[in-house]
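Q: Starting off with a structure, shown below.
2 protein chains.
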Amino acid sequence: MEVRDCLISAPGKAILHGEHAVVHGKVALAVSLNLRTYLQLKARSDGKVCINLPNIDTFVCWELSELKQLTSFLREMQRLDAELVKRLREFIGVTNGNLDSSTSAILAFLYIYLSLFGSGLTVSVWSELPTGAGLGSSAAYSVCLAAAFLCATGNIPTPLKEWCQEDLELINSWAFQGEKIIHGNPSGVDNAVGTWGGMLRFLAGKIIPLSRVPLLRILLTNTKVPRSTKVLVARVKDKINKFPSIMIPVLDSVDAISCTCEKVLTEMTCEPITGDHYNILEELIDINQHHLNVIGVGHPSLDTLCQVTAARGLHSKLTGAGGGGCGITLLRPVILSPSVEAGTMKDLRDCGYDCWETSIGGPGVQQHFPSSVKEEIMEVLNRY
Amino acid sequence: MEVRDCLISAPGKAILHGEHAVVHGKVALAVSLNLRTYLQLKARSDGKVCINLPNIDTFVCWELSELKQLTSFLREMQRLDAELVKRLREFIGVTNGNLDSSTSAILAFLYIYLSLFGSGLTVSVWSELPTGAGLGSSAAYSVCLAAAFLCATGNIPTPLKEWCQEDLELINSWAFQGEKIIHGNPSGVDNAVGTWGGMLRFLAGKIIPLSRVPLLRILLTNTKVPRSTKVLVARVKDKINKFPSIMIPVLDSVDAISCTCEKVLTEMTCEPITGDHYNILEELIDINQHHLNVIGVGHPSLDTLCQVTAARGLHSKLTGAGGGGCGITLLRPVILSPSVEAGTMKDLRDCGYDCWETSIGGPGVQQHFPSSVKEEIMEVLNRY
Numbered sequence: 001m002e003v004r005d006c007l008i009s010a011p012g013k014a015i016l017h018g019e020h021a022v023v024h025g026k027v028a029l030a031v032s033l034n035l036r037t038y039l040q041l042k043a044r045s046d047g048k049v050c051i052n053l054p055n056i057d058t059f060v061c062w063e064l065s066e067l068k069q070l071t072s073f074l075r076e077m078q079r080l081d082a083e084l085v086k087r088l089r090e091f092i093g094v095t096n097g098n099l100d101s102s103t104s105a106i107l108a109f110l111y112i113y114l115s116l117f118g119s120g121l122t123v124s125v126w127s128e129l130p131t132g133a134g135l136g137s138s139a140a141y142s143v144c145l146a147a148a149f150l151c152a153t154g155n156i157p158t159p160l161k162e163w164c165q166e167d168l169e170l171i172n173s174w175a176f177q178g179e180k181i182i183h184g185n186p187s188g189v190d191n192a193v194g195t196w197g198g199m200l201r202f203l204a205g206k207i208i209p210l211s212r213v214p215l216l217r218i219l220l221t222n223t224k225v226p227r228s229t230k231v232l233v234a235r236v237k238d239k240i241n242k243f244p245s246i247m248i249p250v251l252d253s254v255d256a257i258s259c260t261c262e263k264v265l266t267e268m269t270c271e272p273i274t275g276d277h278y279n280i281l282e283e284l285i286d287i288n289q290h291h292l293n294v295i296g297v298g299h300p301s302l303d304t305l306c307q308v309t310a311a312r313g314l315h316s317k318l319t320g321a322g323g324g325g326c327g328i329t330l331l332r333p334v335i336l337s338p339s340v341e342a343g344t345m346k347d348l349r350d351c352g353y354d355c356w357e358t359s360i361g362g363p364g365v366q367q368h369f370p371s372s373v374k375e376e377i378m379e380v381l382n383r384y
Numbered sequence: 001m002e003v004r005d006c007l008i009s010a011p012g013k014a015i016l017h018g019e020h021a022v023v024h025g026k027v028a029l030a031v032s033l034n035l036r037t038y039l040q041l042k043a044r045s046d047g048k049v050c051i052n053l054p055n056i057d058t059f060v061c062w063e064l065s066e067l068k069q070l071t072s073f074l075r076e077m078q079r080l081d082a083e084l085v086k087r088l089r090e091f092i093g094v095t096n097g098n099l100d101s102s103t104s105a106i107l108a109f110l111y112i113y114l115s116l117f118g119s120g121l122t123v124s125v126w127s128e129l130p131t132g133a134g135l136g137s138s139a140a141y142s143v144c145l146a147a148a149f150l151c152a153t154g155n156i157p158t159p160l161k162e163w164c165q166e167d168l169e170l171i172n173s174w175a176f177q178g179e180k181i182i183h184g185n186p187s188g189v190d191n192a193v194g195t196w197g198g199m200l201r202f203l204a205g206k207i208i209p210l211s212r213v214p215l216l217r218i219l220l221t222n223t224k225v226p227r228s229t230k231v232l233v234a235r236v237k238d239k240i241n242k243f244p245s246i247m248i249p250v251l252d253s254v255d256a257i258s259c260t261c262e263k264v265l266t267e268m269t270c271e272p273i274t275g276d277h278y279n280i281l282e283e284l285i286d287i288n289q290h291h292l293n294v295i296g297v298g299h300p301s302l303d304t305l306c307q308v309t310a311a312r313g314l315h316s317k318l319t320g321a322g323g324g325g326c327g328i329t330l331l332r333p334v335i336l337s338p339s340v341e342a343g344t345m346k347d348l349r350d351c352g353y354d355c356w357e358t359s360i361g362g363p364g365v366q367q368h369f370p371s372s373v374k375e376e377i378m379e380v381l382n383r384y
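Structure follows, in structure tokens:
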């Protein structure tokens with residue numbers, strides 16, 4: 001098998017509107033977050049298989065011969081199931097129930113590697129995304145793994161050609177396998193966003209990519225307040241059960257926010273973008289942030305985020321599970337507004353938060369020539 | 001005619017839930033606010049009619065003979081109409097369109113005095129309520145005027161007996177006339193609360209007094225940020241027209257908040273009051289405050305009120321029109337909670353706000369013996 005070296009990136013994910021409401025049958029809008037995960041695959045001929053994940057201090061090398069037993073077991077399996085995951089866990093010596101991010105990253109690597117590849121290589125991954133912050137870092141990783149192995153083995157074309165829908169569907173289906181290993185029962189939204197980019201409408205388990213959306217500049221802030229998605233989802237459910245007549249209309253209103261936002265974003269792709277478009281997007285963000293507080297997933301750290309950015313004329317909401325975690329702040333196009341990013345980011349960092357200037361709605365998985373990737377990222381990928 | 005001196009008080013009004021939503025056909029709960037207006041009526045035999053309203057720097061005396069012409073004109077009129085108000089305005093020398101609080105207080109006095117009374121007297125009024133803050137100060141004044149004249153002339157009984165429903169209806173109907181002179185087209189809620197006290201359910205123009213409600217301790221805060229109710233009502237209407245699918249569910253949710261609150265308050269009168277009751281009341285306050293922000297009647301001064309009180313574990317919402325104005329903060333019964341009032345009031349005053357520790361749901365119009373009224377109030381009433 002001829003192996004091509006390759007360099008892949010995939011974006012993270014943010015929920016623009018509809019987090020939590022989606023659990024109760026309402027629309028959610030998931031968007032690509034242009035904090036990207038980069039993966040470099042290099043063939044090697046010394047019979048070694050190495051993976052370097054410096055974000056999570058994970059560096060592992062196996063001899064090809066060690067992996068042989070797993071390959072044959074995998075070939076016998078019809079599909080990814082508990083037995084296989086158990087076997088992979090045994091192989092890497094994990095016996096307890098909970099997987100940390102390092103272990104689950106190794107398991108996902110092994111599964112996709114063994115399924116699609118089989119010879120010596122080094123895979124190095126560097127992500128701009130914080131891990132475990134609800135920003136789809138594991139999906140971006142799985143998408144990169146799937147695309148890299150499919151590309152390196154010639155199953156999908158090289159970067160000189162854009163990937164077609166069929167290629168993307170193949171990448172997405174393998175990435176979904178990786179997500180299953182990492183998360184057990186993922187919705188499939190994160191890997192779809194990592195693959196297609198742009199924006200997805202998510203409703204009652206159905207994922208519909210939206211054809212065209214504008215690229216929106218944002219600040220992404222991580223309050224670093226830890227939270228459990230499971231606990232927060234349960235809290236919302238309890239609140240709906242406690243006050244159904246009060247809460248059900250709020251979910252309906254959130255649904256209407258998602259639909260209104262989708263409509264405005266679609267308009268922005270077919271008519272000249274004006275301040276009015278941004279006024280509406282900002283109003284929707286403010287309203288939804290209030291609703292998220294009402295359903296019980298706010299947090300003082302998120303209130304602070306909203307206040308600090310409001311003091312600069314900017315509008316923020318939590319994204320994802322809430323109760324801490326991350327928030328997004330909409331920025332206007334540079335030509336439409338004075339630049340307030342630098343000052344705002346300083347204010348947010350002074351609160352102890354991590355903060356990135358980035359964008360949502362950008363491209364999904366991509367191949368790169370090394371020369372088109374930021375030097376500091378190539379430096380990290382080539383370090384190992 | 002034998003004239004009895006009398007001493008009357010009536011409470012102010014706060015909206016507990018449903019402000020603005022009531023304009024769109026939803027339930028509102030209006031409650032008596034135990035910041036009271038006190039009126040002392042004393043007969044005099046020197047042929048003078050004097051009114052002293054030190055809160056608004058208004059001190060007027062007429063000769064009885066001057067008022068004779070008005071009495072005969074009033075007797076000819078079938079009902080309170082524009083012609084009569086015009087005649088009263090001419091009498092006191094007001095020609096321009098807008099009435100200040102002093103002028104409208106004098107007009108209301110003259111109308112009720114001429115309708116129900118006719119001999120020499122001094123009426124002195126002192127109110128604990130701020131004027132023009134949406135707290136029903138004009139209604140409390142009108143209720144006091146009506147009750148005082150009806151009582152002084154023997155149309156309703158003296159303080160040794162409680163007033164019956166019929167007496168209260170008579171007071172309320174005259175107070176409503178006073179409100180019409182002051183406000184043009186009042187809803188009738190403020191004078192009903194001033195008369196009956198307790199809590200009223202207000203829906204589609206219908207006012208239903210609730211039989212029993214618990215007395216709730218609150219802080220009443222006046223941010224002193226001026227606002228126009230008319231402008232705020234129009235703003236809400238515009239927002240509903242702009243985002244109907246988002247806003248109409250929010251009004252439904254507000255409606256459910258009012259109904260849930262009414263249910264909890266009713267329960268509190270028939271079962272032992274627990275912390276759980278207060279937990280729910282606090283949750284409803286927080287949710288409604290978010291909804292009021294969503295419909296566009298919030299204000300940074302109200303956000304500050306909420307934050308300052310939240311820092312002490314207390315829950316606040318705006319009351320009335322919003323956009324500044326007043327807010328209420330629920331306090332727990334002294335035996336259920338540590339005392340945080342003093343510190344909270346200091347914090348709020350440090351923000352430049354006026355702040356009172358008072359209660360809602362207390363009695364309506366009352367007669368007093370001078371000995372049962374706070375000394376400082378009697379001192380003010382007797383000064384003139």
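For the record, the sequence lines run as chains A and B.
Take 1 as the starting number for the first sequence in UniProt numbering and just add one per residue.
Take 1 as the starting number for the second sequence in UniProt numbering and just add one per residue.
Here a beta-carbon is modelled for each residue, glycine too, at the ideal position from N, C-alpha and C.
1. How many whole angstroms separate the CB atoms of B:Gly18 and B:Val27, which I take to be in contact at a CB cut-off of 8 Å?
2. Would you mind telling me which residues of chain A sit closer than 7 Å to B:Asn293, beta carbon to beta carbon, in chain order?
3. In angstroms, rounded to a whole number, what distance separates the CA positions of B:Leu74 and B:Arg87?
4. Leaving out five residues on either side along the sequence, give the residues of the same chain with a beta carbon under 6 Å from the beta carbon of A:Asp286.
5. Can a CB atom of chain A be found closer than 8 Å to the CB of B:Ile285?
6. Residues of chain B with CB under 8 Å from A:Val250, in chain order?
7. Who are the Cβ neighbours of A:Gly296 in its own chain at under 7 Å, not counting the five residues just before and after it?
8. Hey, B:Leu215 and B:Leu331: beta-carbon distance below 8 Å or not?
9. With a threshold of 7 Å on Cβ separation, who are the neighbours of A:Trp126 within its own chain once the five nearest residues in sequence on each side are excluded?
10. Using a Cβ-Cβ cutoff of 9 Å, what residues of the region 252 to 282 of chain A are near chain B? List them in chain order.
11. If contact is defined by three or more beta carbon pairs under 8 Å, each pair taking one atom from either stretch, is the region 84 to 98 of chain B in contact with the region 107 to 117 of chain B?
12. Do you know whose CA, among A:Gly134, A:His277, A:Tyr278, lies nearest A:Pro11's CA?
13. Which chain B residues are close to A:Phe243, counting only those with a beta carbon under 7 Å from its beta carbon?
14. When you compare each of A:Thr71, A:Val365, A:Ser245 to A:Asn191 by their alpha carbons, which one comes out closest?
15. Chain B beta carbons: is any one of them nearer than 8 Å to that of A:Ile246?
16. Assuming B:Val233 contacts B:Gly325 (C-beta within less than 8 Å), just tell me the rounded distance between them.
17. How many angstroms separate the CA atom of B:Thr274 from the CA atom of B:Ile280?
18. Mind pulling the beta strand (DSSP E) runs of 3 or more residues that sit fully within the region 222 to 290 of chain A?
19. Could you tell me whether the region 61 to 71 of chain A touches the region 152 to 164 of chain A, where touching means 3 or more Cβ pairs closer than 8 Å?
20. Note down, in chain order, each residue of its chain lying with its Cβ closer than 8 Å to the Cβ of B:Gly361, except the 5 sequence neighbours on either side.
21. Measure the C-alpha to C-alpha separation of B:Gly188 and B:Leu170 and round it to an integer number of angstroms.
22. Just curious, the beta strand (DSSP E) that A:Met199 is in, first and last residue?
23. Could you check which residue in B:Gln307, B:Val250, B:His277 has the C-alpha nearest to that of B:Lys263?
24. Of the residues A:Ile181, A:Glu283, A:Leu348, which one's Cα is nearest the Cα of B:Lys242?
25. What first and last residue would you give for the alpha helix (DSSP H) that runs through B:Leu67?
26. Which full runs of the beta strand (DSSP E) of 3+ residues lie inside the UniProt domain "GHMP kinase N-terminal" (116 to 194) of chain B, going along the chain?
27. Counting only runs of 4+ residues fully inside the region 314 to 366 of chain A, write out the alpha helix (DSSP H) ranges in chain order.
28. Could you pull out every residue in the same chain whose Cβ sits closer than 8 Å to the Cβ of A:Gly132, ignoring the five residues on either side in sequence?
29. What does the Cβ neighbour count give for B:Asn185, buried or exposed, with the cut at 16 atoms within 10 Å?
30. Under 8 Å by Cβ, that's how I've got A:Leu302 and A:Leu348 pegged, so tell me the actual separation to the nearest angstrom.
31. Please state the DSSP three-state secondary structure of B:Tyr38.
32. B:Gly118 and B:Gly194 - do their beta-carbons sit closer together than 8 Å?
33. Buried or exposed: where does A:Met247 fall if 16 or more other Cβ atoms within 10 Å of its Cβ makes it buried?
34. Less than 8 Å separating the beta-carbons of A:His290 and B:Asn288?
35. Count the other CB atoms, across all protein chains shown, that sit within 10 Å of the CB of A:Gln40; report buried if there are 16 or more and exposed otherwise.
A: On the basis of the supplied data:
1. On the second sequence, residue 18 of chain B is found 18 positions in, with the first residue counted as 1. On the second sequence, residue 27 of chain B is found 27 positions in, with the first residue counted as 1. Contact between B:Gly18 and B:Val27 holds, since their C-beta atoms are separated by about 5 Å, short of 8 Å.
2. Here residue 293 of chain B refers to the residue found at position 293 when the second sequence is read from its first residue. Within chain A, the residues His290 have their CB atoms less than 7 Å from the CB of B:Asn293, given in chain order.
3. As a working mapping, residue 74 of chain B is identified with position 74 in the second sequence. As a working mapping, residue 87 of chain B is identified with position 87 in the second sequence. Their backbone Cα atoms lie some 9 Å apart in a straight line.
4. In the first sequence, residue 286 of chain A corresponds to position 286, counting from 1. Result list for A:Asp286: His315, in chain order.
5. Looking up residue 285 of chain B in the second sequence gives position 285. So no, B:Ile285 is outside the interface.
6. Looking up residue 250 of chain A in the first sequence gives position 250. Within chain B, the residues near A:Val250 are Pro249, Val250, Ser253.
7. Residue 296 of chain A sits at position 296 when you count from the first residue of the first sequence. Within its own chain, the residues whose Cβ lies closer than 7 Å to the Cβ of A:Gly296, once the five positions on either side in sequence are excluded, are Arg235, Val236, Lys239, listed in chain order.
8. Numbered from 1 along the second sequence, position 215 holds the residue referred to as residue 215 of chain B. Numbered from 1 along the second sequence, position 331 holds the residue referred to as residue 331 of chain B. In this structure, the beta-carbon distance from B:Leu215 to B:Leu331 does not fall below 8 Å.
9. Counting from one through the first sequence, the residue named residue 126 of chain A turns up at place 126. Only Tyr38, Pro54, Asn55, Ile377, Val380, Leu381 meet the Cβ criterion.
10. Against chain B - using a Cβ distance shorter than 9 Å - the residues of the region 252 to 282 of chain A are Asp252, Ser253, Val254, Asp255, Ala256, Ile257, Cys259, Thr260, Ile280.
11. They touch, by the three-pair rule.
12. Working through the first sequence from its first residue, we reach residue 11 of chain A at position 11. Comparing alpha-carbon positions, the option among A:Gly134, A:His277, A:Tyr278 lying closest to A:Pro11 turns out to be A:Gly134.
13. Taking the first residue of the first sequence as position 1, residue 243 of chain A is located at position 243. Taking a Cβ-Cβ cut-off of 7 Å, the neighbours of A:Phe243 in chain B comprise Thr260, given in sequence order.
14. By 1-based counting over the first sequence, the position of residue 191 of chain A is 191. Checked all of A:Thr71, A:Val365, A:Ser245; the closest Cα to A:Asn191 is A:Val365.
15. In the first sequence, residue 246 of chain A corresponds to position 246, counting from 1. For A:Ile246, the answer is yes, since a Cβ of chain B falls inside 8 Å of its Cβ.
16. As a first step, residue 233 of chain B is located in the second sequence; it is residue number 233 there, counting from the start. As a first step, residue 325 of chain B is located in the second sequence; it is residue number 325 there, counting from the start. B:Gly325 and B:Val233 do not touch by the CB rule: their CB atoms are close to 13 Å apart, not below 8 Å.
17. The residue given as residue 274 of chain B occupies position 274 in the second sequence. The residue given as residue 280 of chain B occupies position 280 in the second sequence. C-alpha separation (whole angstroms): 10 Å.
18. The region 222 to 290 of chain A is shown to contain no whole beta strand (DSSP E) run of 3 or more residues.
19. Flag = no, the region 61 to 71 of chain A and the region 152 to 164 of chain A do not touch.
20. Position 361 of the second sequence holds residue 361 of chain B. Residues of the same chain with a CB within less than 8 Å of the CB of B:Gly361, apart from the 5 flanking positions on each side, are Val31, Ser32, Gly197, Gly198, Met199, Val213, Pro214, Leu215, Leu216, Leu265 in chain order.
21. Taking the second sequence and counting its residues from 1, the one referred to as residue 188 of chain B is at position 188. Taking the second sequence and counting its residues from 1, the one referred to as residue 170 of chain B is at position 170. Roughly 14 Å between the two C-alpha positions.
22. Taking the first sequence and counting its residues from 1, the one referred to as residue 199 of chain A is at position 199. Run containing A:Met199: 199 to 203, per the beta strand (DSSP E) assignment.
23. If you number the second sequence from 1, residue 263 of chain B lands on position 263. Closest by alpha carbon: B:His277.
24. Residue 242 of chain B sits at position 242 when you count from the first residue of the second sequence. Minimum Cα distance to B:Lys242 is reached at A:Glu283.
25. Your numbering for residue 67 of chain B matches position 67 in the second sequence. For B:Leu67, the enclosing alpha helix (DSSP H) stretches over residues 64 to 76.
26. Runs of the beta strand (DSSP E) inside the UniProt domain "GHMP kinase N-terminal" (116 to 194) of chain B: 121 to 127.
27. Runs found: 341 to 350.
28. Position 132 of the first sequence, counted from the first residue, corresponds to residue 132 of chain A. Within the same chain, A:Gly132 has close Cβ partners Ser101.
29. Stepping through the second sequence from its first residue, residue 185 of chain B is reached at position 185. Residue burial is scored here from C-beta neighbours: B:Asn185 has fewer than 16 other C-beta atoms within 10 angstroms and is therefore classed as exposed.
30. Within the first sequence, the letter at position 302 stands for residue 302 of chain A. Within the first sequence, the letter at position 348 stands for residue 348 of chain A. Wrong, their Cβ atoms sit about 12 Å apart, outside the cutoff.
31. On the second sequence, residue 38 of chain B is found 38 positions in, with the first residue counted as 1. The answer is strand: DSSP assigns B:Tyr38 an E or B state.
32. Numbered from 1 along the second sequence, position 194 holds the residue referred to as residue 194 of chain B. Numbered from 1 along the second sequence, position 118 holds the residue referred to as residue 118 of chain B. At the C-beta level, B:Gly194 and B:Gly118 stay beyond 8 Å of one another.
33. Counting from one through the first sequence, the residue named residue 247 of chain A turns up at place 247. Answer is buried; the Cβ neighbour count reaches 16.
34. As a position in the first sequence, residue 290 of chain A is number 290, starting the count at 1. As a position in the second sequence, residue 288 of chain B is number 288, starting the count at 1. Contact flag unset, no.
35. Reading the first sequence from its first residue, position 40 is the one you call residue 40 of chain A. So A:Gln40 ends up on the buried side.
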